[in-house]
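All residue numbers for the sequence shown refer to the working numbering, where the first residue is 1 and numbers rise by one.
Cβ atoms here follow ideal geometry from the backbone N, Cα and C, with glycine treated the same way.
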Amino acid sequence: MRVSARDEPIGRSSGPWTRSAGARLGQVAGRHSGHPPHRQLRRIVFDDGHDTGIYSWDTLYRLGREQSQRWADYLQALREAGQSRDAPIASSDTGEQA
1 MRVSARDEPI GRSSGPWTRS AGARLGQVAG RHSGHPPHRQ LRRIVFDDGH
51 DTGIYSWDTL YRLGREQSQR WADYLQALRE AGQSRDAPIA SSDTGEQA
């Protein structure tokens, strides 16, 4: 979900998709982040505060089924953009990003 932010979350804008770079995946912190649970929808919030939106069970099932291909596509897109899943490390000498 963090690597495919434009994948049908309910109630999200249809703006341009941006790739998540510079951060490895965190742990899921909660299923509904203080909102009441719903039988047909789930909100997923990661421990770093990333909120993926609200997804139907059908969408979550499809994302799980397609996970391997989506992950490979994400890694390829990062490589093509010259980006990494790791955050840049500041140089100890200059304080600039390495």
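### Task
State the Cα-Cα distance for the pair leucine 41 and threonine 52, rounded to the nearest angstrom.
12 Å
### Task
Would you list the residues sitting across from leucine 41 in a DSSP beta bridge?
Ser56
### Query
Since leucine 78 and arginine 85 are thought to touch, with beta carbons under 8 Å apart, how far apart are those beta carbons, to the nearest angstrom?
7 Å
### Query
What are the boundary residues of the alpha helix (DSSP H) that aspartate 73 is part of?
67–80
### Query
Should tyrosine 61 go down as buried or exposed, given a rule of 16 or more other Cβ atoms within 10 Å for buried?
exposed
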